[in-house]
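Position 122, counted from 1, in the sequence shown is what my numbering calls 111; the numbers after and before it change by one each time, with no gaps.
Note that CB positions come from ideal geometry on N, CA and C, so glycine has one too.
Just so it is clear, the structure is predicted and the values come from calculations on it, not from any experiment.
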Amino acid sequence: MSEPLNPVENASYHAFPFIQVTTIEAHILEQQRTHPEATGVLTSLLYDIALSAKIIAHATTRAGLIDVLGKAGLENVQGEQVARLDLLANETLIRVNACTGRLAGMASEENADIIPIPAGYRTGPYVLLFDPLDGSSNTDYTISIGTIFSIYRRKSKEESGQIEDFLQPGRDLVAAGYVIYGNSTVFVYSTGQGVHGFTLDPGVGEFLLSHPNIRIPDKPQFYSVNQGYERYWSSGVRQFTDYVQGKTGEFDGGLSMRYVGSLVADFHRNLLAGGIFYYPADSKDPGKPHGKLRLLYECASLAYIAEQAGGYASDGRQPILDIVPTSLHQRTPFFVGVIS
Ligand code: AHM
Ligand code: MG
-10 MSEPLNPVEN ASYHAFPFIQ VTTIEAHILE QQRTHPEATG VLTSLLYDIA LSAKIIAHAT
50 TRAGLIDVLG KAGLENVQGE QVARLDLLAN ETLIRVNACT GRLAGMASEE NADIIPIPAG
110 YRTGPYVLLF DPLDGSSNTD YTISIGTIFS IYRRKSKEES GQIEDFLQPG RDLVAAGYVI
170 YGNSTVFVYS TGQGVHGFTL DPGVGEFLLS HPNIRIPDKP QFYSVNQGYE RYWSSGVRQF
230 TDYVQGKTGE FDGGLSMRYV GSLVADFHRN LLAGGIFYYP ADSKDPGKPH GKLRLLYECA
290 SLAYIAEQAG GYASDGRQPI LDIVPTSLHQ RTPFFVGVIS
């Protein structure tokens, strides 16, 4: 029998299994090193988004204790009721990012127009788009919600960002990601070099690498769709649903159904466990013939993450990343995940 290691005499002894601790900042810097031409602006911008997420998480985790629940009594540009946490998350992202000199402008699901950089502040090479608090109809019920973001390089030469800087196809994304505020807060991002996830350690206030190189499993487990709207679907979407339910003989009797009603939560689960999320076009509301989800604030970013993780995303006809947007708040049918 071999002698137990003596921690004093053996440098290789560890009381706990050795786990490398990587902060999000160290990870982004490491990825930047593979791009010698990088200036560090993108790295700092991603870190600013992580800071915004910490501030938002600080509010969401205390939501029943501080006065942030309920509706704000306003309608947004989409004609939807704005939750007070929507406003808090939106204001946080705008205030953290407006004056850093890294952006030429921002666009938010909550704002009708481009959010300019305040007069007197420097502008930068990127534009930032976000859904500040996705799934906010769930905020009052302690259900997971999230932030979704995308970053493009500006195209225009003017000082402040122009509409063409924002209406870029997902293929031109420089970086994208999301934050999920669930039983823990997890930040997932990609700069085109795989997908990486970080869990917020609230004790030290840092996002630490917890999910390196996420790959979506080839074999789907779940399908996620609001089946309450089935009567408004096309026959094609109904057939697709029969298929994922195994009614046409696939998937050993069918996939299991999971639907939270927070896109970030449904997407995150399916990314890690394997599955498909869809929000198809429906005839429920003649004002929204392309479904509910927004191309620029929700779908392009998650499509980019899905493709980087080995999955796909489509509007039913073409890859989401190939769609050239024509307006800031345009909606699209969305099918994302893996089906094999
Ligand atoms: P939001 O950005 O205003 O929260 O709306 C988007 C949300 C998604 O998170 C979710 O997938 C969808 O709306 C749920 O809609 P529905 O209640 O119609 O199923
Ligand atoms: Mg949303």
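{"Asked": "Contacting residues, own chain, Cβ-Cβ under 7 Å from R204 (five flanking each side not counted)", "Found": "A298 and G299"}
{"Asked": "Distance between F119 and A96 (C-alpha atoms, nearest Å)", "Found": "7 Å"}
{"Asked": "Per-residue burial, R320 [other beta carbons within 10 Å of its own, 16 or more giving buried]", "Found": "buried"}
{"Asked": "First through last residue of the beta strand (DSSP E) which encompasses L118", "Found": "Y115 to D123"}
{"Asked": "Assigned secondary structure, Q234 (DSSP; H/G/I helix, E/B strand, else coil)", "Found": "coil"}
{"Asked": "Any non-hydrogen atom of ligand 1 within 7 Å of G62 CB", "Found": "no"}
{"Asked": "Spatial neighbours of N65 in its chain, beta-carbon cut-off 6 Å, leaving aside the 5 residues before and after", "Found": "V71 and E99"}
{"Asked": "Beta-carbon proximity of Y221 to S272, cut-off 8 Å", "Found": "yes"}
{"Asked": "C-beta contact flag for V325 and A295 at 8 Å", "Found": "yes"}
{"Asked": "Rounded C-alpha distance that separates G68 from K281", "Found": "12 Å"}
{"Asked": "Own chain residues within Cβ distance below 8 Å of I132, not counting five before or after", "Found": "G124, V249, G250, S251 and A254"}
{"Asked": "G62, buried or exposed, once every other Cβ within 10 Å from all chains shown has been counted against 16", "Found": "exposed"}
{"Asked": "Pick from I140, H16, L291 and L40 that is closest to N259, judged by C-alpha positions", "Found": "L291"}
{"Asked": "DSSP three-state assignment for T131, whether helix, strand or coil", "Found": "coil"}
{"Asked": "For H351: DSSP bridge partner residues", "Found": "In this structure the chain extends from -10 to 329, so residue 351 is not present and cannot be described."}
{"Asked": "Bridge partner(s) assigned by DSSP for G276", "Found": "According to DSSP, G276 bridges with nothing at all."}
{"Asked": "At least 3 beta-carbon pairs within less than 8 Å: the region 224 to 241 vs the region 153 to 165", "Found": "no"}
{"Asked": "Beta-carbon proximity list for P278, same chain, < 7 Å, skipping 5 on both sides", "Found": "A270"}
{"Asked": "Nearest neighbour of L76, chosen from V57, P322 and V10 [CA to CA]", "Found": "V57"}
{"Asked": "Backbone CA spacing between D154 and K144 [nearest angstrom]", "Found": "5 Å"}
{"Asked": "Element boundaries [alpha helix (DSSP H), containing V30]", "Found": "V30 to T49"}
{"Asked": "Residues sharing a beta bridge with G264, DSSP", "Found": "F211"}
{"Asked": "S303 to S329 span [Cα, whole Å]", "Found": "15 Å"}
{"Asked": "In DSSP terms, what T136 is bridged to", "Found": "V168"}
{"Asked": "Those residues which DSSP pairs with K60 across a bridge", "Found": "A72"}
{"Asked": "Best match in H47, L198, Q228 and K146 for proximity to G171 [C-alpha to C-alpha]", "Found": "H47"}
{"Asked": "Burial state of V226, where buried means 16 or more other Cβ atoms lie within 10 Å", "Found": "buried"}
{"Asked": "Beta-carbon proximity of S41 to L82, cut-off 8 Å", "Found": "yes"}
{"Asked": "Cβ pair Q210, G263 closer than 8 Å", "Found": "yes"}
{"Asked": "Reference P114; option with closest CA among R247, D207, E147 and G59", "Found": "E147"}
{"Asked": "Nearest-angstrom beta carbon gap, H185 and L198 [assumed within contact, 8 Å]", "Found": "7 Å"}
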